[in-house]
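Report on the following structure.
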Amino acid sequence: MGGASDEHAPLDVSGVARPPRIGDKVRLIPPHCDPTVNLHDWLVCFRGERVVDLWPVSARGPGF
């Protein structure tokens, strides 16, 4: 699995007792805050080549 970058944050669940399931809350902590995230409305979640979910970016726009 590739490393995280400004635009990509693969979630490595190898070695965990139970991988996250649909509906579980997962806290992602980026190594730094890239200001370009303010340009996006959604975080697109993939499983393989398939889009499986869209997460809204709530702290978006001026004032955040």
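FYI, in my numbering the residues of the sequence shown are 22 to 85. Note that CB positions come from ideal geometry on N, CA and C, so glycine has one too.
Query: Closest by C-alpha distance to L32, when choosing among L49, R42, R39, A38; Result: L49
Query: Which listed residue (R68, P77, S79) has its alpha carbon closest to that of R42; Result: R68
Query: Nearest neighbour of W63, chosen from E70, V78, V73, G36 [CA to CA]; Result: V78
Query: For V47 and P40, believed in contact at Cβ under 8 Å, the rounded distance; Result: With a Cβ gap of about 10 Å, P40 and V47 do not count as contacting.
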